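Visitor: Each residue of the sequence shown is one higher than the one before, counting from 43 in the numbering used here.
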Amino acid sequence: MLTIDPKWFTPVFTIFGGIFIFIVSQAVLKLVIEPVQQLKAAIGLTANTLLRHQAKLTNGVEDGELSEKIYDHAADLVSKAEVIIGYRLAAHLFRLPSRSNVLEAARQLNGIGLRAKDSRPSSYCAASPPNLSAVRNNHDSLEKIAELLRVKTAYQ
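Printed below as a string of structure tokens:
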């Protein structure tokens, strides 16, 4: 009958245990922690853009480049939230906004982007008066985004 010396159990189990822990920790890192960090970075960049261009947005200035940047932020937020596995638990652990808040913030950003879009013909060179409806809507959207994403969107 074949007998196995028990003194080999400890090193073998230690090695396999270490490999298992390494694999699990890498999976958690790649599937949860890194996507959470990317979402938080996207939220921070969005707040940065909104703060940096607050004057343009709250004065209803049309700017096609800014509009595209805001559209990009909206898409970035939604896509980065979607890849987080176990989002509800991650949101609780890492103090992330809920998925519905991220989606609503993206909708608000798209509204701002639409209102900021340069709708003037390319041959138009005179400054147009601000659209008062866009001014009010942008102000409301900035407040809503600040509440939804728990970030500053104004220097107040």
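Glycine included, each C-beta is placed from N, C-alpha and C at the ideal position. For clarity, every value in this text was computed on a predicted model and none was experimentally measured.
By alpha-carbon positions, which one of R137, F62, K186 and I46 ends up nearest to L81?
Guide: Closest by alpha carbon: R137.
Visitor: Taking only the alpha-carbon atoms, compute the straight-line gap between A84 and L71 and give it to the nearest angstrom.
Guide: A84 and L71: Cα-Cα distance of roughly 18 Å.
Visitor: Does DSSP classify I57 as helix, strand or coil?
Guide: It is helical.
Visitor: Determine, using beta carbons only, whether L184 and I127 come nearer to each other than 7 Å.
Guide: The answer is no: Cβ separation not under 7 Å.
Visitor: Along the chain, where does the alpha helix (DSSP H) that runs through H134 open and close?
Guide: That run of the alpha helix (DSSP H) goes Y129 to F136.
Visitor: On the three-pair Cβ rule with 8 Å, is the region 54-66 touching the region 111-123?
Guide: Output reads no: the region 111-123 does not touch the region 54-66.
Visitor: Quick check on the burial criterion: 16 or more other C-beta atoms within 10 angstroms. Buried or exposed for Y129?
Guide: That one is buried.
Visitor: If you draw a straight line from the alpha carbon of G86 to that of I57, how long is it in whole angstroms?
Guide: Rounded to whole angstroms, G86 to I57 spans 41 Å at the Cα level.
Visitor: From the DSSP output, in three-state form, read off E189 for me.
Guide: Looking at E189 - three-state DSSP - the assignment turns out to be helix.
Visitor: Using the rule of at least 16 other Cβ atoms within 10 Å of the residue's Cβ for burial, across every protein chain shown, is L191 buried or exposed?
Guide: Label assigned to L191: buried.
Visitor: Using C-beta distances below 6 Å, list every residue in its chain close to S109, excluding the 5 sequence neighbours before and after it, in chain order.
Guide: So the qualifying residues of the chain are G155, A158 and K159.
Visitor: Any chance the CB of H115 is under 6 Å from a heavy atom of the ligand SAM?
Guide: Absence of the ligand SAM from the depicted structure is noted, as is the absence of any ligand whatsoever, leaving it without description.
Visitor: Would you mind working out which of N90, L93, I187 and G102 sits nearest S142, comparing C-alpha positions?
Guide: Of the listed residues, the one whose Cα sits closest to S142 is I187.
Visitor: What did DSSP end up calling Q198 once you bin it into helix, strand or coil?
Guide: DSSP places Q198 in coil when its eight states are reduced to three.
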